[in-house]
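Here the structure comes first, spelled out in structure tokens, and everything after it is commentary.
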Amino acid sequence: MSANPKWAMIIDTTRCVGCLACVAACHNQNELPMTEYFNRIEEQEFGHFPNYNRRFTPMQCQHCDNPPCVGVCPTGASYKRDDGIVAVDIKKCIGCKYCILSCPYNARVVNDEHGYVHKCSFCAGLLGKDDLPACVGTCPTGVRVFGDLNDPNSEISKLAATKKTVQIGKDLNTRPSIYYIIG
Amino acid sequence: MRAAAGSALASGLAAGTLSCSTERAAGVRPDASKIPTQCQGCGANRCGIYVYVKNGRVWKADGNPKTYNNAGTVCPRGHAYIQDIYNPDRIKQPLKRTDKGTYEPITWEQAFEEISTKLNLLIMDDGPQSVFWIQYPMANMPLAFRFMHALGSPNTITHGATCFTARNAAFNATCGGLPDNDLKNSRYIIMVGRNPAGGVKLQQIRDIAEAKRKGARLVVLDPRHSETAVMADDWLAVRPASDLAFLLAMINVIIEEGLYDHKFVEEHTIGFDSLRDEIVTYPPEWAEKICDIPKETIYRIAREFAFNKPRALIHRGYHGGYGAGYLNSFQTARAVAIANFLIGNYERVGGLFMPLKPTLGELEKGGHPAPAIPDVEKADGAGVPGRYPTASYSDGIAHAVPELALAGKLKAGFVYHMNPVRTNPNPARVIAGYKKLELLVTIDCVMSETAALSHYVLPESFFLERDDHVDTVHSGPVAQLTMVQQVVKPMYDTKPLLEIITGLSRGLGIGKYFNFTMDELNDLRLRPFGVTLDELKKGGVIEVGPRWEEGFKPCKTPSGKIEFYSSQLEAWGLDPMPRWQEPLVAPDSSDKNSFRLLHGKQAIHTHSMTANVPYLMELSSRYDMIRLWINRKRAEAIGLKDGDTAVVESDIGKGTVRVRLTDGLHPSAVWMPSGYGIFSKYLTTAYGKGINYNDFLDTYFDPAVGHIMSNEIIVRVAKA
């Protein structure tokens, strides 16, 4: 880990079998109500029988370097941390939902009980202690690689240097911290 | 709503395990404790997990990085199932069925007394062989054996005949046991109907992904584009029931082109000449017409497979494909075994190997002699020449129980955490059979369909509330011991299995066989390894003994070798070598509504036991997973659009279900996820959601093994 970490994730969709372990792990880790999600899997189908394939794409907050949700937040509840994480201070959130409308990734959800908006934090409370976000550690095929892009020796930096990746919605200039390998 | 929490047992106990900085795990908050145990979210894997308790409440799970079956990861069922401790549908005290069919709470003392009195009378009239015990083959099955043997009954039964017994019997006949797959080190992997990404085996999908990173190729032969096929280099959309044709043609190419391991075949196998004479009948030109895979592809796959020998394998399989699927499943599994061993991959790195299995200590050493094994045949005919000779004694034949009850041969039974009324074929028949029993006792945590037919329902403590029998399931290339360990105190008036059996044994005159505690039992089980129970509880897993090493070891077959030709099978009146065999039924090609009904698991469900887990059913709904898969062109030809409701009908059943149109399925079949169709009204989350393939499957016994032939179903599908 570097002195000024920049947290990021590479998601290798060619290994994702859509098992939803990451979704269930996130649910417990964040003690989410039954129908509130910080992450999800999207399934796409290609081709015609028998020349056919599928792709499962894990989706969540992309922790953008140019996050639309932060710009539209009237109270500063949504903010960008120095370590790259887009965070929500729920005490400042008034539940106006501008951020939900502005997010192109559909990554934010209203807490039904209290009315604030919450979302994936890269399990921020766990980081810097050799711990990993819940969705990363539970993945059986190692789809998700998480780490510090400012540390040239981190697994994610090495992978980023050798694999072709894409950012979703690049043309929106959101500059996500999640990079996808789509094979 | 959250139910009251059980208080944490281990907040102090686990303090020493809190700092695990070297482990690949999500974090622990300072106010949480972390206790190693074994997951029970499916019957099979029993993954090593840590369960976190925070403020007295079960919070989350992480994988134990040392256990073989999951290596640090947890599947979605594992995450969700720990929360089922708070399921409001749990049974909170022993229940007795009333004359009106409702249930009234009774004390454990009353339950033990009434059950043992009734059972004593039945045994006096009909003999102990009229009693059975059925459960998944889990770590505590030896307790069931001990209990039944003490009574004098041989009838301990698992779900095997509804799941995997064709595979087991075929590998037993070929190499004398069931091998494991060294996927991680393989260079060429063929999956025949096996989908470890749906019927989850975490270690297997992890190892396949790892092998692929190292350049291995993955071939998936499956009528459906399975979740494993997402990682595949080749998806071969085989016609259902014709995997045997594909495999025979593969064997043909490997032999005709001399691609087999000549030295291995000469030294370690018997019957090669007979096999070579037989297999000339099955070239790829013949097979392509049956299995719909072009002959060029069969040649290519056979050659690629053989060129990578011995680090190539056809996965040994499980339920899908040939576990208990078709009339030809036993011979299909034989062909899988033979194709593997022709390339000499037996006991080889990157091939198949016989997994290690530690031998646990005996209770005799602690002064607890075992009851004699009853000298009577099993009522279901398992292992009995002339009936089902290849079926195993320990698995028995699950769906024979209702038939034997209807025939008056079984009178009383115990069902432990199993739900045959939902998971066996032909529910009307199963219900009739189980209702005919004069005493039915179900031990479970919830009121399953089977519990709801029982005279008595005894609530076992949830797995997070109890210690259980030391387990050896995490043994492959390493031999490991694990166990279920109590994480929180019981919330209700429930007991662990050993206390239930002990309570029953006193009134049955067999109390002398159950005069030990679980700790004493586990101490004795661990004694041969020089490991203490405290050590096991602290680590959650302990490796014992030497690791697997490459190299041929004599097979437990009559010849001590790999048997391509089996004289034993011949003596039992079965084909000594795999020959092409038609399936029992086929869809009507002139009827555009006629399909074969296939089924399979989704990663979020196990058998019928997780449909009532609220979060898992939430995932089913959110991802719209309770749908019947149907080939897009076939669906459009009968006017079905994606999401429409269809009527599905077989000779024995009818139901409605929404459809998913896809190009990822062979046109001759429809595919139904297997975890739904709960009809017990006590299961409030799952009740009435989806349908189940068992509703459409007639009662069959395959002639070799007695399995259910679960894919021999023809249905008509039409727009509702």
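Chains as they are written, first to last, in the UniProt record's numbering: chain A, 1 to 183; chain B, 1 to 720. Yeah, the Cβ is synthetic: ideal placement off N, Cα and C, and Gly gets one too.
Selection from the options that minimises the alpha carbon distance to residue i
i: B/Phe414; options: B/Glu649, B/Ile134 and B/Leu178; result: B/Ile134
i: B/Ala229; options: A/Ala3, A/Tyr98 and A/Thr14; result: A/Thr14
i: B/Thr685; options: B/Asn70, B/Pro88 and B/Ala80; result: B/Pro88
i: B/Asp591; options: B/Leu569, B/Leu598, B/Gly545 and B/Ile638; result: B/Ile638
i: B/Ser394; options: B/Glu377, B/Gly317 and B/Val478; result: B/Glu377
i: B/Asn55; options: B/Ala32, B/Val74 and B/Ile713; result: B/Ala32
i: B/Phe147; options: B/Phe514, B/Asp125 and B/Asn593; result: B/Phe514
i: B/Ile279; options: B/Ala306, B/Lys309, B/Gly199 and B/Leu247; result: B/Leu247
i: A/Ala21; options: A/Ile41, A/Met34 and A/Ala3; result: A/Ile41
i: B/Gly193; options: B/Val717, B/Asn711 and B/Ala718; result: B/Asn711
i: B/Trp235; options: B/Asp493, B/Gly72 and B/Leu665; result: B/Leu665
i: B/Cys445; options: B/Gly271, B/Gly600, B/Leu437 and B/Arg466; result: B/Arg466
i: B/His262; options: B/Asn345, B/Trp286 and B/Ser242; result: B/Asn345
Limits of the beta strand (DSSP E) - the one that residue i falls within
i: B/His707; result: Careful: B/His707 lies outside any beta strand (DSSP E) and carries neither H nor E.
i: B/Trp629; result: Arg627 to Asn631
i: B/Pro459; result: Tyr456 to Pro459
i: B/Asn669; result: The residue you asked about is not Asn; residue 669 of chain B is Ala in the sequence shown. Looking at the DSSP string, the run of the beta strand (DSSP E) that includes B/Ala669 is Ala669 to Pro673.
i: B/Asp62; result: Arg57 to Gly63
i: A/Tyr79; result: Ser78 to Lys80
i: B/Thr37; result: Ala32 to Gln38
i: B/Glu649; result: Thr645 to Glu649
Per-residue burial, residue i [other beta carbons within 10 Å of its own, 16 or more giving buried]
i: B/Ile397; result: buried
i: B/Arg213; result: exposed
i: B/His469; result: buried
i: B/Thr117; result: exposed
i: B/Gln485; result: buried
i: B/Ala720; result: exposed
i: A/Arg81; result: exposed
i: B/Ala10; result: Confidence is the limiting factor: at B/Ala10 the pLDDT is only 36, short of 50, which leaves the residue's position unreliable, though a coordinate-based value still follows. With 16 or more Cβ atoms within 10 Å of its Cβ, B/Ala10 is classed as buried.
i: A/Phe38; result: buried
i: A/Phe56; result: buried
i: B/Glu449; result: buried
i: B/Glu563; result: buried
Straight-line gap, residue i to residue j (C-alpha atoms, nearest Å)
i: B/Ile123; j: B/Thr162; result: 28 Å
i: B/Leu497; j: B/Gly258; result: 55 Å
i: residue 760 of chain B; j: A/His114; result: Here chain B comprises residues numbered 1 to 720, so residue 760 of chain B is not present and cannot be evaluated.
i: B/Asn426; j: B/Phe696; result: 7 Å
i: A/Asp171; j: B/Phe595; result: 46 Å
i: B/Lys60; j: B/Asp588; result: 50 Å
i: B/Lys295; j: B/Met250; result: 10 Å
i: B/Phe330; j: B/Pro459; result: 38 Å
i: B/Ile293; j: A/Phe46; result: 20 Å
i: B/Gly367; j: A/Ile156; result: 57 Å
i: B/Val28; j: A/Leu126; result: At B/Val28, the pLDDT of 47 sits below 50, so the modelled position is not reliable; the number obtained from the coordinates is stated separately. Taking the straight line from one Cα to the other gives about 8 Å.
i: B/Val705; j: B/Leu410; result: 21 Å
i: B/Cys47; j: B/Leu356; result: 17 Å
i: B/Pro673; j: B/Ala139; result: 28 Å
i: A/Gly95; j: B/Pro614; result: 28 Å
i: B/Ala25; j: B/Arg660; result: Unreliable positioning characterises B/Ala25 in this predicted model, as indicated by a pLDDT of 39, which lies under 50. The coordinate reading is nonetheless provided below. Computed Cα separation, rounded: 37 Å.
i: B/Ile431; j: B/Pro402; result: 8 Å
i: B/Ser608; j: B/Pro477; result: 31 Å
i: B/Pro76; j: B/Gly507; result: 42 Å
i: B/Glu23; j: B/Tyr52; result: Low confidence applies here, because B/Glu23 scores a pLDDT of 33, under 50, leaving its location unreliable; read the following figure in that light. Distance between the alpha carbons of B/Glu23 and B/Tyr52 is about 15 Å.
Limits of the alpha helix (DSSP H) - the one that residue i falls within
i: B/Lys54; result: It is not in any alpha helix (DSSP H) - B/Lys54 instead sits in the beta strand (DSSP E) that spans Gly48 to Lys54.
i: B/Tyr434; result: Pro427 to Lys436
i: A/Gln44; result: Not the alpha helix (DSSP H): A/Gln44 falls in the beta strand (DSSP E), residues Asn39 to His48.
Check: residue i C-beta below 7 Å from any heavy atom of the ligand SAM
i: B/Ala287; result: This structure lacks the ligand SAM; in fact it carries no ligand of any kind.
Residues of the stretch 137-171 of chain B with a CB closer than 7 Å to any CB of chain A: list them in chain order, please.
none
Between the stretch 39-57 of chain A and chain B, which residues of the former have CB atoms less than 9 Å from a CB of the latter, in chain order?
Arg40, Ile41, Glu43, Glu45, Phe46, Gly47, His48, Phe49, Pro50, Asn51, Tyr52, Asn53, Arg54, Arg55 and Phe56
Taking a Cβ distance cut-off of 8 Å, strictly less, list which residues of the stretch 2-25 of chain A are near chain B, in chain order.
Thr14, Arg15, Cys16, Val17, Gly18, Cys19, Leu20, Ala21, Val23, Ala24 and Ala25
If you measure beta-carbon to beta-carbon, which residues of the stretch 666-696 of chain B are closer than 9 Å to chain A?
His666 and Pro667
The stretch 152-179 of chain A: which residues have C-beta closer than 9 Å to a C-beta of chain B, in chain order?
none
Going along the stretch 203-217 of chain B in order, which residues come within less than 7 Å of chain A, judged by CB to CB distance?
Ile205, Arg206 and Ala209
Would you list, in chain order, the members of the stretch 574-607 of chain B that have their beta-carbon closer than 7 Å to a beta-carbon of chain A?
Ala603 and Ile604
Residues of the stretch 615-629 of chain B with Cβ closer than 9 Å to any Cβ of chain A, in chain order
Tyr615, Leu616, Glu618, Leu619, Arg622 and Tyr623
Quick one: which residues of the stretch 54-68 of chain B get their C-beta closer than 8 Å to a C-beta of chain A? List them in chain order.
Trp59, Lys60, Ala61, Asp62 and Gly63
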